[in-house]
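The next block holds one structure in the form of C-alpha cells; read it before the comments.
Number of protein chains: 2
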Amino acid sequence: MPGFQRHVFVCINERPPDNPKGSCKAKGGEQVRDALKKKLGELGINKLCRANNAGCLDQCSEGVTVVVYPEQVWYGHVTVEDIPELVEKHVVRGEFVERLMLPDQPHLNGARSAPPLVIPPKAEK
Amino acid sequence: MPGFQRHVFVCINERPPDNPKGSCKAKGGEQVRDALKKKLGELGINKLCRANNAGCLDQCSEGVTVVVYPEQVWYGHVTVEDIPELVEKHVVRGEFVERLMLPDQPHLNGARSAPPLVIPPKAEK
Chain A
5 MPGFQRHVFV CINERPPDNP KGSCKAKGGE QVRDALKKKL GELGINKLCR ANNAGCLDQC
65 SEGVTVVVYP EQVWYGHVTV EDIPELVEKH VVRGEFVERL MLPDQPHLNG ARSAPPLVIP
125 PKAEK
Chain B
5 MPGFQRHVFV CINERPPDNP KGSCKAKGGE QVRDALKKKL GELGINKLCR ANNAGCLDQC
65 SEGVTVVVYP EQVWYGHVTV EDIPELVEKH VVRGEFVERL MLPDQPHLNG ARSAPPLVIP
125 PKAEK
C-alpha cells in the first residue's frame, strides 16, 4: 500500500435523463475518466497518481465534476479536451488549472498550487 | 462549493464471482457505504464529511477498502460493524483506527491522527 501522491476522482453518476440537474455520466464522465487514465499511463505516472470513478460528488449542475486530492481542488465542466492540461499542470506540476476550478473554494485558503509530483527515476517515461 | 473537511471513499467495485481477488461489492461495499451515510446523517455531519462510492481502489484483496481524505488513510476489510468506530474516532476526532488500517502507509510519515472535525454550532446534533 504505497499511497498515491495524487488521487483524482471523476464523477460518473447517472441520473434519469429528465432530471433537470443532469448528471456527470450523461455529460461524458466516463470519457473524461478514460482520457485521464490514458494520459496518466502515457506519462508513466499511473502508479503515482490514481484516477478513480466516483459516485455523485453533489455538484451535478457543474458536471463533469472532478476532485483532486490531497489538495481537494474541485473542477467543473471538465471535458476530454481539458485532460492534458489538467494532468500536465495540476497532477505533474502542482499548478491548479484556474479556468476549470469551481468558484468559492474557501478550504484552499487562496492556494493556487501545491508541491509537484515526485517522479522516481524508474517511473520516468 | 464549500469543500468537505473529510471525504470518505468506499470501494463498491464489482468483479466476476470467479475472480480470485474477490471484489469490494461482493464483500459488502454497498452496505458499508450505506452504514457510513446513515451514521454521518445521524450525527448531523454529512455536510462536513461526504461519503462517496468509489470505483476500484486497487486493493481488491483487502476489501471492503475505504480511504479517508485529506489524510489518505487506507482501511481494509471494513464491515458495517466497523462504521460507528470509524466515524466517531477518525471522522469526528481525527484519530485513525489502527486496527483497520492497511499495513505499510509510508505517506503518513507515522502519523496516527489529524485535526478533529470542526463542527459549527448550527451543524451540531
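In order, the protein sequences belong to chains A and B.
Quick note: the first sequence uses the numbering used here, first residue 5, plus one each step.
Quick note: the second sequence uses the numbering used here, first residue 5, plus one each step.
Glycine included, C-beta positions come from ideal geometry on N, C-alpha and C.
These figures come from a predicted structure and were not determined experimentally.
Roughly how many angstroms separate the alpha carbons of F13 of chain B and L44 of chain B, rounded to a whole number? Here residue 13 of chain B corresponds to residue number 9 of the second sequence, with the count starting at 1. Here residue 44 of chain B corresponds to residue number 40 of the second sequence, with the count starting at 1. Here the alpha carbons of L44 of chain B and F13 of chain B stand approximately 13 Å from one another.
Taking 8 Å as the threshold (C-beta atoms), are G80 of chain A and G33 of chain A in contact? For the purposes of this step, residue 33 of chain A is taken as the residue at position 29 of the first sequence. For the purposes of this step, residue 80 of chain A is taken as the residue at position 76 of the first sequence. Result no, Cβ atoms of G33 of chain A and G80 of chain A do not sit closer than 8 Å.
Sort out for me which residues DSSP pairs A58 of chain B with in a bridge. The count along the second sequence starts at 1 and reaches residue 58 of chain B at position 54. The bridge partners DSSP lists for A58 of chain B are A:A58, B:C15.
Between F8 of chain A and L40 of chain A, what straight-line distance do the alpha-carbon atoms span, to the nearest angstrom? Within the first sequence, the letter at position 4 stands for residue 8 of chain A. Within the first sequence, the letter at position 36 stands for residue 40 of chain A. Cα-Cα distance, rounded: 15 Å.
For Y73 of chain A, which residues in chain B fall below 8 Å Cβ to Cβ? Here residue 73 of chain A is taken as the residue at index 69 of the first sequence, counted from 1. Simply H11, Y73, P74, Q76.
Limits of the unbroken alpha helix (DSSP H) element including V36 of chain A: Numbered from 1 along the first sequence, position 32 holds the residue referred to as residue 36 of chain A. Start and end: 33-46.
Closer than 6 Å by C-beta to I49 of chain A: which residues in its own chain qualify, once you throw out the five before and the five after it? Chain order, please. The sequence position of residue 49 of chain A within the first sequence is 45, counting from 1. Nothing meets the Cβ criterion.
is_contact[P110 of chain B, chain A] using C-beta, thresh 8 Å: The residue you call residue 110 of chain B lines up with position 106 of the second sequence. It does; some Cβ of chain A falls within 8 Å.
Grouping DSSP H, G and I as helix and E and B as strand, with all else coil, what is E75 of chain A? Taking the first sequence and counting its residues from 1, the one referred to as residue 75 of chain A is at position 71. Three-state DSSP puts E75 of chain A in coil, outside helix and strand.
Measuring CB to CB, does R37 of chain A end up less than 8 Å from L121 of chain A? As a working note, residue 37 of chain A is residue 33 in the first sequence. As a working note, residue 121 of chain A is residue 117 in the first sequence. Taking 8 Å as the Cβ cut-off, R37 of chain A and L121 of chain A do not qualify as a contacting pair.
Can G59 of chain A and N17 of chain B be called in contact, C-beta distance under 8 Å? Along the first sequence, one-based indexing puts residue 59 of chain A at 55. Along the second sequence, one-based indexing puts residue 17 of chain B at 13. In this structure, G59 of chain A lies away from N17 of chain B, with their beta-carbon atoms at least 8 Å apart.
With a 10 Å radius around its C-beta and 16 neighbouring C-beta atoms as the bar for buried, classify R116 of chain B as buried or exposed. The residue you call residue 116 of chain B lines up with position 112 of the second sequence. With fewer than 16 Cβ atoms within 10 Å of its Cβ, R116 of chain B is classed as exposed.
Per DSSP, what kind of secondary structure is R103 of chain A in: helix, strand or coil? Residue mapping note: residue 103 of chain A aligns to position 99 of the first sequence, counting from 1. Looking at R103 of chain A - three-state DSSP - the assignment turns out to be helix.
Helix, strand or coil for C64 of chain B per DSSP? By 1-based counting over the second sequence, the position of residue 64 of chain B is 60. C64 of chain B falls in the helix class under three-state DSSP.
I want to verify the contact list: residues of chain B whose CB lies under 8 Å from the CB of D62 of chain A, in sequence order. In the first sequence, residue 62 of chain A corresponds to position 58, counting from 1. What D62 of chain A touches in chain B: R54.
Inter-residue CB distance, L47 of chain B and V77 of chain B (contact presumed, cutoff 8 Å): Reading the second sequence from its first residue, position 43 is the one you call residue 47 of chain B. Reading the second sequence from its first residue, position 73 is the one you call residue 77 of chain B. About 19 Å separates the two Cβ atoms, so there is no contact after all.
Which chain A residues are close to A58 of chain B, counting only those with a beta carbon under 9 Å from its beta carbon? Translated into the one-based positions of the second sequence, residue 58 of chain B becomes position 54. Simply F13, N56, N57, A58, G59.
Between which residues of its own chain and Y73 of chain A is the CB-CB distance below 6 Å, once the five residues before and five after are set aside? To locate residue 73 of chain A, count along the first sequence from 1; it is residue 69. So the list reads H11, once near-sequence residues are dropped.
Spatial neighbours of A118 of chain B in its chain, beta-carbon cut-off 6 Å, leaving aside the 5 residues before and after: Within the second sequence, residue 118 of chain B is the residue found at index 114, counting from 1. Closer than 6 Å at Cβ, skipping near neighbours: E75, G98.
Chain A within 8 Å of G32 of chain B, Cβ atoms only: Along the second sequence, read from residue 1 onward, the residue named residue 32 of chain B stands at position 28. With 8 Å as the cut-off, G32 of chain B does not count as an interface residue toward chain A.
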